[in-house]
Amino acid sequence: MLRALAETVALIADFALDEVTDIRLALDEVATSLILDAVPGSTLDCEFTYDSKQMFVHVASVATSESVVGQAGFGWHIVRTLTHSIAAAQAPFDGVLSGYPTVVDFSWIRGASDGG
8 MLRALAETVA LIADFALDEV TDIRLALDEV ATSLILDAVP GSTLDCEFTY
58 DSKQMFVHVA SVATSESVVG QAGFGWHIVR TLTHSIAAAQ APFDGVLSGY
108 PTVVDFSWIR GASDGG
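Take any residue in the sequence shown, count from 1 to its spot, add 7: that is its number in my numbering.
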């Protein structure tokens, strides 16, 4: 469902088909990483913002561990390659949420053939 949503938003924003594919792949990698470490029963929130030059994607969840998304892994390398910028942040343990609020933000520049 998330991939379909990313594709729809990117198409509505009038990105080229190859850009749509890259945005969808980057989001898939980020979402998969967050889901694998998510607190059971928590949600994965995703926000898309775009203008005539770029798209911003904000993904948030609550992680079970105190490690900010696997930034050294192959998936993170793929996302860095596909996007213009990427940043991940994690807040301290939240007892109400039973985990570590975690966010990943990335941007895609329109017309950038390699994302960065």
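Glycine is no exception: its CB is placed at the ideal position from the N, C-alpha and C atoms.
- [ ] Can you check DSSP and say which residues form a bridge with P108?
- [x] Looking up residue 108 in the sequence shown gives position 101. Note: P108 sits in a beta bridge opposite V69.
Task: Sheet register partners of S92 (DSSP bridge) - done: Indexing the sequence shown from 1 puts residue 92 at position 85. As a beta-bridge residue in DSSP terms, S92 pairs with S114.
Open item on the list: Rounded to whole angstroms, what is the Cα-Cα separation between V27 and A45?
Closed with: For the purposes of this step, residue 27 is taken as residue 20 along the sequence shown, with counting starting at 1. For the purposes of this step, residue 45 is taken as residue 38 along the sequence shown, with counting starting at 1. Approximately 26 angstroms, taken between the alpha carbons.
Open item on the list: Please state whether the Cβ-Cβ distance between G106 and V69 is less than 8 angstroms.
Closed with: Here residue 106 refers to the residue found at position 99 when the sequence shown is read from its first residue. Here residue 69 refers to the residue found at position 62 when the sequence shown is read from its first residue. Cβ distance < 8 angstroms, so G106 and V69 count as in contact.
Task: Reduced DSSP secondary structure (H/G/I, E/B, other) of F100 - done: Numbered from its first residue, the sequence shown carries residue 100 at position 93. F100 falls in the coil class under three-state DSSP.
Open item on the list: Suppose you measure from the CA of E73 to the CA of A95; what does that come to, to the nearest Å?
Closed with: Residue 73 sits at position 66 when you count from the first residue of the sequence shown. Residue 95 sits at position 88 when you count from the first residue of the sequence shown. So the two alpha carbons sit approximately 13 angstroms from each other.
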